[in-house]
Each structure stands twice: as C-alpha cells, then as structure tokens.
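Going left to right, the sequence shown walks through residues 36 to 222 as this note's numbering numbers them.
Glycine included, C-beta positions come from ideal geometry on N, C-alpha and C.
In what follows, a structure is listed as structure tokens, so that the remarks can point back to it.
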Amino acid sequence: NAMRLGLILACIGLGVLSGQGPAQLGWRITHFNRELAVGLAVGLALALFFHRATLGVMRFTGERYYSPLVVESVMPRDGREFVWVLLAFLPAVLLEELLFRSLLLGGFMFLAPPGLLLVSWSVLFGLLHSPQGLWGMVGAGLAGLIFGLLFLWQGGLLAPFVAHYLANVVQVGLAMRTNFQSAHRLP
C-alpha cells in the first residue's frame, strides 16, 4: 500500500501541475448527500449484477472466460481479514479513480470530446483487468464506463469512488458468502 499511496500523491501532483482546476478534475464536492447516495445505489447495483453474471459465466463456461484467481487472492478467510481487505481497497480504488476518472477523463476533456475519452479510457480500464480473463475485462470495462458516466453526471469523484469501492467490497463479501472458491469448480 505504500507504493499505492505514492502513486496517489503522484496523481494529485500531476493534477495540480496540469493547470486544470479542481472542478475540471472532479476534486470538488458540491452535493455531498446526493453524490454519496448515487454512489451507494450504483455500487450496490453493480456488485449484485456482476456477482450474478460472473457466477452464470462460470457455471456455463468454467474458467474459460473468467479467472477467479484475483478474487481468491483477496478473499478473506474470516471477519478480521475482511476488515483488512476493506482498508486495502481504499487506496486501490482511490488510485484508480484519480487516474482514470480525474486525470484521464477530466484532465483531457480540453483535448477531446468526453464521449471519446469515456469509451477509450473504459476500454483501457478493462484491458488492465486481464488477469481476470475475458469476462473480467469486459466487466471491468463496463464498470469503468459507468464510473466515468457517474463522474461526468455528478461532476466529481465522490460518486464514482463510492460506487467503485462498494462494488468491490460487496463482490468480495458475496464471494465469501457463496463460497466462491469452490463454486467455480462445479462439475
């Protein structure tokens, strides 16, 4: 996490050096309650959708299109480890949101139309999830698109950050609850 914190500081530094204002980079919160509520609703919906969809993909194709290795590597064995996972997700999600939504989407809107940036960076976001297989990349790309839309719609990082964090946390919690480790090895 020390490296992530360093990268977070680098993203903040790049944002400051970019000359783009805090509003352009999504570093302002104008309607805290609304942005929080939207982030919570979208994050929960995404988590439930992707959990069900992933189980379906794995049920019908095994590990051909989705690799559970990433989920298994972060899945806690007990409640105490779950707290550590919750804490570890904070800088990871903040880094991804600063990089993809703030710097790459908000910071480059003076160069290209938001729609083009949104799709381009969402595809890259998906590709960076390649260890999870084809479905993991498609799912992450779709989630990145939704987080980007939240960023543009709400005008800041709070809603996409909350949605992203909650989606990750709920997915891990659901994976623990459904015994994901053995469920993907169905006959």
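#### Entry: Buried versus exposed, by CB contacts within 10 Å (16 or more), Gly-48
Its Cβ having fewer than 16 others within 10 Å, Gly-48 is exposed.
### Query
Would you report the Cα separation of Gln-59 and Pro-103, rounded to the nearest angstrom?
The straight-line gap from Cα to Cα measures roughly 37 Å.
### Task
Put Trp-62 into one of helix, strand or coil per three-state DSSP.
Coil, per DSSP.
### Message
Is it buried or exposed, Ser-108, if we count other Cβ atoms within 10 angstroms and call 16 or more buried?
### Response
Exposed, since its Cβ has fewer than 16 Cβ neighbours within 10 Å.
### Query
Which one of Leu-90, Ala-210 and Ala-194 has the shortest CA to CA distance from Tyr-101?
Comparing Cα-Cα distances from Tyr-101 to each of Leu-90, Ala-210 and Ala-194, the minimum goes to Leu-90.
### Message
Can you list, in chain order, the residues of its chain with a C-beta nearer than 7 Å to that of Ser-157? Leave out the 5 residues immediately preceding and following it.
### Response
These residues qualify, in order along the chain: Gly-176, Gly-179, Leu-180 and Gly-183.
### Coil, strand or helix - Phe-145 by DSSP
Assigned with DSSP and collapsed to three states, Phe-145 falls in coil, not helix or strand.
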